[in-house]
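A.B. asks: Under full-length UniProt numbering, think of the first position of the sequence shown as 1, with each following residue one higher.
Okay, here's the structure, questions in a sec.
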Amino acid sequence: MIVVLGTRVALRPRYSIFKMERIHYVDRLVKQSDDMCIKNLRMDMKTFHKLCFTLESRGYIRDTKYMNVTEQVAVFLYILAHHEKMSVLSTNFQRSTETISRHVHMVLNGVLRLQEFKPPEPIPNDSTDEKWKYFKNCLGALDGTHIRMNVPVQDKPRYRNRKGEITINVLAAVTPNLQFTYVLTGWEGSAADGRVLKDALSRKNGLKVPKGTYYLVDAGYTNGEGFLTPFRGVKYHRNEWKEGYQPICAKEYFNMRHSTARNVVERAFGILKKRWAILRSPSFYPLKIQNRIILACCVLHNYIRAEMNSDSCELDFDMEGGTNMEYEVVEDNITSIGTSPEWTSFRDNLAETLFNEWRGSSRR
């Protein structure tokens, strides 16, 4: 309150100006247009508001004295999508870094409670999918990817991968429609893929591979029950197949089909990193939080692909060429990996069958 020539004039509190700017900024992100929402939060407006409703209605997050649910979720998604520093977020959202950090952790916990990785359906005998019909009873593809991390100096040797980068090795299983069905984070970058897979199989709530089913994996794994690898020493990667080249033997044809189908896991990782910038460079969150963020990114990836008719990140990725619980139940699952005559024979017979079918059809 000030006095001007004997007249009392009430000044609008400064905080209300900040509040109006904040409301305008959040509304622009989540209400202006689908394009704006996708650009900044990686999902359209309908999907964003459904996510907010789901998190709130299940009691995973709620309005607080400082932030409503809409703003909390917007801030969280913005961080994942752009990996901005807290100082930038503080300016954009007109909030203190402490307030932002506290609410980000609340939403992170809420999103992880949405985790509903559904068991994959095996490829049926009558499948007509050109990539997958050759692999009956296959559950999808499995592989590892490296995510760069910041770790304490004394831990860096354990987290240094073969390329000399400080990373964690993330194992994931993916369905033909690019949905994550299993994710294991936390292993040091120096850990071999096979070692990470053994850990996943040994965990009580780990990777489940029912008898008679299998995943497509690369040659870095062992060809054994539940995990079908390509033949070593034979053309495999797509860049090895020159335009117009025709396979000359069963092993080459098998590898071509295997590579075409297994590429789904590489595409899933590529789209995941394209969508969430926080996975493309080291963050300064504690290591435990970094691992939880990776898992949350996978959960949200599945949510977006289930809710949105078109995944713009997949379209962008392809245009750029692409790169690469309460009690124990005894189940008939595969719990270890190793070579076996039966599995070697299975791969050999499958390769011969596929090659003969292809050669027969090409002669018609």
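Heads up, the beta-carbon is just placed ideally off N, CA and C, and yes, glycines get one too.
Note that the coordinates shown come from a computational prediction; the quantities given were computed from them, not determined experimentally.
Between residue 153 and chain D, is the shortest Cβ-Cβ distance under 9 Å, so that the two count as touching?
C.D. replies: This model lacks chain D altogether, as it is built from one protein chain only.
A.B. asks: Need the endpoints of the beta strand (DSSP E) that residue 148 sits in, please.
C.D. replies: Along the sequence shown, one-based indexing puts residue 148 at 148. Where residue 148 is concerned, the enclosing beta strand (DSSP E) stretches over 138-148.
A.B. asks: Can you name the start and end residues of the alpha helix (DSSP H) that residue 40 belongs to?
C.D. replies: Position 40 of the sequence shown holds residue 40. Residue 40 -> alpha helix (DSSP H) spans 34-41.
A.B. asks: Flag this pair as yes or no: are the beta carbons of residue 117 and residue 180 separated by less than 9 Å?
C.D. replies: Here residue 117 corresponds to residue number 117 of the sequence shown, with the count starting at 1. Here residue 180 corresponds to residue number 180 of the sequence shown, with the count starting at 1. In this structure, residue 180 lies closer than 9 Å to residue 117 by Cβ.
A.B. asks: Check whether the Cβ atoms of residue 220 and residue 193 lie closer than 9 Å to each other.
C.D. replies: Walking along the sequence shown from the start, residue 220 turns up at place 220. Walking along the sequence shown from the start, residue 193 turns up at place 193. Yes, the pair counts as a contact, with Cβ atoms nearer than the cut-off.
A.B. asks: When you compare only the Cα positions, how much space is there between residue 84 and residue 145?
C.D. replies: Counting from one through the sequence shown, the residue named residue 84 turns up at place 84. Counting from one through the sequence shown, the residue named residue 145 turns up at place 145. Distance between the alpha carbons of residue 84 and residue 145 is about 23 Å.
A.B. asks: Identify which residue in 316, 217, 81, 269 has its Cα closest to the Cα of residue 227.
C.D. replies: Position 227 of the sequence shown, counted from the first residue, corresponds to residue 227. The shortest C-alpha separation from residue 227 is found at 217.
A.B. asks: Please state whether the Cβ-Cβ distance between residue 148 and residue 166 is less than 9 Å.
C.D. replies: Along the sequence shown, one-based indexing puts residue 148 at 148. Along the sequence shown, one-based indexing puts residue 166 at 166. Yes, these two residues count as a Cβ contact at 9 Å.
A.B. asks: Leaving out the 5 sequence neighbours to the left and right, which residues in its chain are closer than 7 Å to residue 232 when beta-carbon positions are compared?
C.D. replies: Within the sequence shown, numbered from 1, the residue matching residue 232 stands at position 232. The beta carbon of residue 232 is closer than 7 Å to those of 219 in its chain, skipping five residues each way along the sequence.
A.B. asks: The beta strand (DSSP E) spanning residue 181 covers which residue range?
C.D. replies: Reading the sequence shown from its first residue, position 181 is the one you call residue 181. Segment 180-188, the beta strand (DSSP E) holding residue 181.
A.B. asks: Tell me the DSSP secondary structure of residue 341 in three-state form.
C.D. replies: Within the sequence shown, numbered from 1, the residue matching residue 341 stands at position 341. Three-state DSSP puts residue 341 in a helix.
A.B. asks: Give me the DSSP bridge partner(s) of residue 95.
C.D. replies: On the sequence shown, position 95 is the one that residue 95 refers to. Beta-bridge pairing links residue 95 to no other residue.
A.B. asks: Taking 8 Å as the threshold, find out whether the stretch 150-167 comes into contact with the stretch 122-133 through three or more Cβ pairs.
C.D. replies: no
A.B. asks: Given a threshold of 16 other Cβ atoms within 10 Å of its Cβ, counted over all protein chains shown, does residue 88 qualify as buried or as exposed?
C.D. replies: Taking the first residue of the sequence shown as 1, we reach residue 88 at position 88. By the neighbour-count rule (16 or more Cβ atoms within 10 Å), residue 88 is not buried but exposed.
A.B. asks: Do the stretch 175-189 and the stretch 198-211 touch if we need at least three Cβ pairs shorter than 8 Å?
C.D. replies: yes
A.B. asks: I'd like the list of long-range same chain contacts for residue 82, defined as Cβ closer than 6 Å, with 5 residues on each side in sequence excluded.
C.D. replies: Reading the sequence shown from its first residue, position 82 is the one you call residue 82. Closer than 6 Å at Cβ, skipping near neighbours: 277.
A.B. asks: Counting along the chain, where does the beta strand (DSSP E) carrying residue 271 start and finish?
C.D. replies: Residue mapping note: residue 271 aligns to position 271 of the sequence shown, counting from 1. Note, residue 271: premise wrong, no beta strand (DSSP E); alpha helix (DSSP H) at 250-275.
A.B. asks: If the criterion is Cβ atoms closer than 9 Å, does the pair residue 48 and residue 77 meet it?
C.D. replies: Within the sequence shown, residue 48 is the residue found at index 48, counting from 1. Within the sequence shown, residue 77 is the residue found at index 77, counting from 1. Yes, Cβ-Cβ distance for residue 48 and residue 77 is below 9 Å.
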